[in-house]
Every structure is written in C-alpha cells, then in structure tokens.
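Okay, so the sequence shown: first residue is 23 according to the working numbering, each after it adds one.
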Amino acid sequence: MRKLASIQTVNAVEPIPNADAIERVRVLGWWVVVKKGEFAVGDRIVYCEIDSLLPERPEFEFLRKNCFKAAIVQGGNEVQRAGFRIKTVRLRGQVSQGICFPLAVLPPGTPTDEWADVTEALGIIKHDPPPPANMAGSVKGNFPSFIPKTDETRVQVLEAMLLRHAGKVFNVTEKLDGSSFTAFLRDGTFGICSRNLLLDESDDTHLFVQLSKRLELGATLVRLRDKYGFDPAIQGEVLGPGVQGNKYGLREAELRVFNLFDISASRLIDLDRALELLREFRLEVVPQLEPITLGHGVDDLIRLSEGVSVLNPKVQREGIVLRPTVEEFEPELGGRLSFKAINPQFLLKYDE
23 MRKLASIQTV NAVEPIPNAD AIERVRVLGW WVVVKKGEFA VGDRIVYCEI
73 DSLLPERPEF EFLRKNCFKA AIVQGGNEVQ RAGFRIKTVR LRGQVSQGIC
123 FPLAVLPPGT PTDEWADVTE ALGIIKHDPP PPANMAGSVK GNFPSFIPKT
173 DETRVQVLEA MLLRHAGKVF NVTEKLDGSS FTAFLRDGTF GICSRNLLLD
223 ESDDTHLFVQ LSKRLELGAT LVRLRDKYGF DPAIQGEVLG PGVQGNKYGL
273 REAELRVFNL FDISASRLID LDRALELLRE FRLEVVPQLE PITLGHGVDD
323 LIRLSEGVSV LNPKVQREGI VLRPTVEEFE PELGGRLSFK AINPQFLLKY
373 DE
C-alpha cells in the first residue's frame with residue numbers, strides 16, 4: 023500500500039546551479055528542493071510524496087499561495103476536502119517531487135522509525151478528484167475480489183528491488199493517461215469495472231458501458247472462453263473525448279488493453295501468450311516499446327520514461343511500465359513484479 027507520508031533518511035545533499043537559497047536532497051529515489059542548510063545527509067525526516075493532500079493546519083499554511091486546492095462538491099456533497107496538494111514542480115531548473123519536513127511536524131508520540139507510515143498522523147489523504155459526469159453512472163458494488171487491481175508502484179521507492187532483478191529482461195510499454203477499465207466473464211456473467219467499482223452494465227449513460235457495447239466485449243469474452251476454456255478478464259485504459267482532457271486528440275473513445283487475466287486459475291497470462299490472444303480477438307493493446315535488460319538506476323529509468331506518445335507524437339507520454347515477460351511474484355510489492363516510471367515532463371505540463 024502506498025505511503026503518502028513516511029519517515030525517511032536524507033541520502034544526499036547537492037547544490038543547485040545559480041541558486042543561493044535552495045538546494046536539492048535525495049530521499050529514496052526522489053530529488054526534492056529544500057531550503058539551503060535545512061537538512062544534512064543522514065537526517066531522519068518526514069517525506070510526503072506527490073499527490074499528497076495536506077490538511078489546512080498552521081504548519082502547512084506557507085503552502086497556500088502555490089498549493090491550495092478548494093474542496094470539491096458534487097450534488098451538494100463534499101467529495102474531496104480542501105487542502106494543500108503536493109505535485110511535481112521545477113525550481114531554478116531542478117525538478118522537485120514531494121516535500122520534506124523535520125520530525126518536529128509530527129504530533130507527540132508518532133513513531134519515527136524509518137519507513138514508518140505517518141500519513142494518518144498528519145491528516146494527509148490522496149489528491150483524487152472524482153470522475154467526470156460521463157463516468158459517474160450507476161454502480162453495483164465494489165471492485166470484485168477475484169480480479170487484481172491495477173496500480174503499479176513508482177520506481178523511486180524501489181531502489182533495492184532494481185538491484186535484485188538486475189540482468190533480467192523487462193518488457194516496456196507506454197503508460198497511457200486514461201481511465202482504468204476492467205471487463206470480465208465469470209460463471210457466464212459479464213461485468214464492467216472502473217478502478218474501484220463494479221458498474222451497472224445496463225446504464226448507458228456511462229462511457230464504459232457505451233464503449234463496451236460498441237466493442238461487443240461481452241461476446242468477445244464469451245468466444246475467448248469457449249475456445250480456450252477459462253473465464254477471462256481484460257484490463258486496460260479508456261482514452262478519448264471526455265477522458266483526462268483527451269490529450270491524444272482521439273475522435274472517439276478507445277480501449278487499450280495491458281492485462282489478460284485467467285479468473286479460473288487466478289493468474290495473469292504471460293506477456294507473449296496474452297498479446298497473441300488479445301490480437302486474435304482484435305483487442306487493441308497499449309503501445310509496446312523496446313524491451314530492456316535491467317541494469318538501470320532510478321534516474322536512468324526516469325530518463326527512459328521521457329519521450330513522446332506513440333499515439334500522438336505531439337504530446338509527452340505519461341511514462342513507462344516495466345514487467346518481465348513471464349509473470350513473477352515480488353515480495354516487496356506484495357504482488358506481481360511490475361512497476362512504473364513517470365515522465366517528469368508530463369507531470370510538469372499536465373499535473374494540474
């Protein structure tokens with residue numbers, strides 16, 4: 023589970039060219055701009071990741087000018103409180119991701135062991151705006167437990183894991199900036215999901231339902247099951263008009279698949295076989311980039327994430343996702359070996 027705020031150690035302190043009042047510190051695999059002299063190598067600090075929404079408290083008021091986000095209200099209900107949102111910024115040419123505080127910001131009695139999760143202690147939540155109206159239809163319940171959710175960990179917190187898997191070949195795909203989608207067939211029942219919810223597949227006001235019917239996904243999954251003998255689920259990104267500002271300039275909604283899951287055996291299908299089956303049933307997949315033999319540090323992979331989108335070379339790609347060609351369990355991740363590197367140029371331009 024992602025720790026938005028945790029206790030970490032400063033690993034390096036470096037000057038920023040032409041900057042007298044600020045410098046950069048290394049925390050995990052992140053570079054963070056701080057006041058000069060505020061921290062030293064070896065200091066234990068509170069680190070808050072990007073997308074943290076800090077509460078309106080006196081100790082965070084200095085962030086109001088640049089970071090304040092008003093509460094979001096829909097239908098008379100507050101769906102996200104007001105607060106100070108931490109995002110990727112550039113200061114004197116240096117990309118800064120996250121924010122550091124001295125331990126004194128913590129309430130008395132809060133654990134200060136390295137890696138201690140202090141998200142709740144500081145009243146921090148994830149900045150997570152609600153979906154637009156065309157993706158706020160009727161729901162049947164929560165995301166089903168028999169399918170794994172898709173949420174890769176950022177590479178900046180995985181330095182030790184990179185060393186363990188050095189020399190292994192990883193498939194690389196473009197990470198698309200869309201909306202997470204799952205469709206499944208289980209015991210003859212077809213279902214559609216957003217990232218966290220099981221949708222009502224009869225509600226035609228929802229973009230996912232409209233797209234599913236246009237692509238005839240229910241019938242496609244039935245044919246796949248009948249031919250290969252397992253209950254399938256597909257997972258991917260929905261892109262196009264009404265989704266994340268339609269950065270790729272698509273004329274209509276599209277689905278790009280990145281996972282094929284065997285519900286019957288409770289396992290993900292290995293890459294080569296998954297691509298073969300998805301293409302057989304005319305399901306578009308996410309852009310496949312050149313594979314790499316892992317021997318990269320965090321900064322190397324962040325540089326690799328930079329570039330333009332395969333779908334539209336006029337826009338920066340969001341980043342890359344790396345997975346081995348054969349599915350593998352990774353204890354540090356508590357699930358499949360899969361992680362992402364996000365393009366900082368994308369975040370600087372679009373991460374509003």
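All C-beta atoms in this analysis are idealised placements derived from N, C-alpha and C, irrespective of residue type, glycine included.
Residue i vs residue j beta-carbon contact at 8 Å
i           : j           : result
residue 272 : residue 263 : yes
residue 215 : residue 204 : yes
residue 339 : residue 360 : no
residue 21  : residue 152 : What is shown of the chain runs 23 to 374, which leaves residue 21 out entirely.
residue 58  : residue 44  : yes
residue 193 : residue 347 : yes
residue 119 : residue 320 : no
residue 366 : residue 117 : yes
residue 378 : residue 89  : An answer regarding residue 378 cannot be provided, because it is not within the stretch 23 to 374 covered by the chain.
residue 51  : residue 181 : yes
residue 283 : residue 290 : yes
residue 32  : residue 49  : yes
residue 311 : residue 270 : no
residue 91  : residue 75  : yes
residue 221 : residue 161 : yes
residue 211 : residue 303 : no
residue 206 : residue 324 : no
residue 297 : residue 308 : no
residue 140 : residue 68  : yes
residue 275 : residue 239 : no
Reduced DSSP category for residue i - H, G, I as helix; E, B as strand; rest coil
i           : result
residue 254 : strand
residue 248 : helix
residue 29  : strand
residue 324 : helix
residue 219 : strand
residue 363 : strand
residue 15  : Any property of residue 15 remains undetermined from this structure, which presents the chain solely from 23 to 374.
residue 308 : coil
residue 54  : strand
residue 126 : helix
residue 36  : strand
residue 339 : coil
residue 300 : helix
residue 368 : helix
residue 139 : strand
residue 181 : helix
residue 132 : coil
residue 79  : coil
residue 243 : helix
residue 295 : helix
residue 186 : helix
Classification of residue i by the beta-carbon crowding that lies within 10 angstroms, buried from 16 upward
i           : result
residue 10  : The structure shown has nothing for residue 10, since the chain only spans 23 to 374.
residue 11  : An answer regarding residue 11 cannot be provided, because it is not within the stretch 23 to 374 covered by the chain.
residue 150 : exposed
residue 84  : exposed
residue 253 : buried
residue 168 : exposed
residue 234 : buried
residue 137 : exposed
residue 173 : exposed
residue 317 : exposed
residue 356 : exposed
residue 249 : exposed
Bridge-paired residues (DSSP) for residue i
i           : result
residue 205 : 214, 256
residue 167 : Beta-bridge pairing links residue 167 to no other residue.
residue 266 : In the DSSP output, where bridge partners are listed per residue, residue 266 has none listed.
residue 175 : 361
residue 346 : 192
residue 352 : 357
residue 24  : DSSP output for residue 24 lists no bridge partner at all.
residue 147 : 75
residue 161 : 221
Terminal residues of the alpha helix (DSSP H) in which residue i lies
i           : result
residue 85  : Premise fails: residue 85 is in no alpha helix (DSSP H) and is neither H nor E.
residue 284 : Careful: residue 284 lies outside any alpha helix (DSSP H), inside the beta strand (DSSP E) at 276-284.
residue 46  : Element bounds for residue 46: not the alpha helix (DSSP H) but the beta strand (DSSP E), 44-49.
residue 273 : No alpha helix (DSSP H) holds residue 273; DSSP gives it neither H nor E.
residue 66  : Per DSSP, residue 66 belongs to no alpha helix (DSSP H); it is in the beta strand (DSSP E), 66-70.
residue 231 : 229-237
Endpoints, the beta strand (DSSP E) within which residue i is located
i           : result
residue 100 : 99-102
residue 107 : 105-107
residue 113 : 111-113
residue 76  : 74-76
residue 119 : Segment: none, residue 119 is in no beta strand (DSSP E) and carries neither H nor E.
residue 94  : 94-96
Residue i beta carbon near the ligand SAH (any heavy atom closer than 7 Å)
i           : result
residue 174 : Although the ligand SAH was asked about, the structure shown includes no ligands whatsoever.
Residue-level contact to chain C via CB, residue i, 8 Å cutoff
i           : result
residue 180 : Absent here is chain C; the protein component of the structure consists of one chain.
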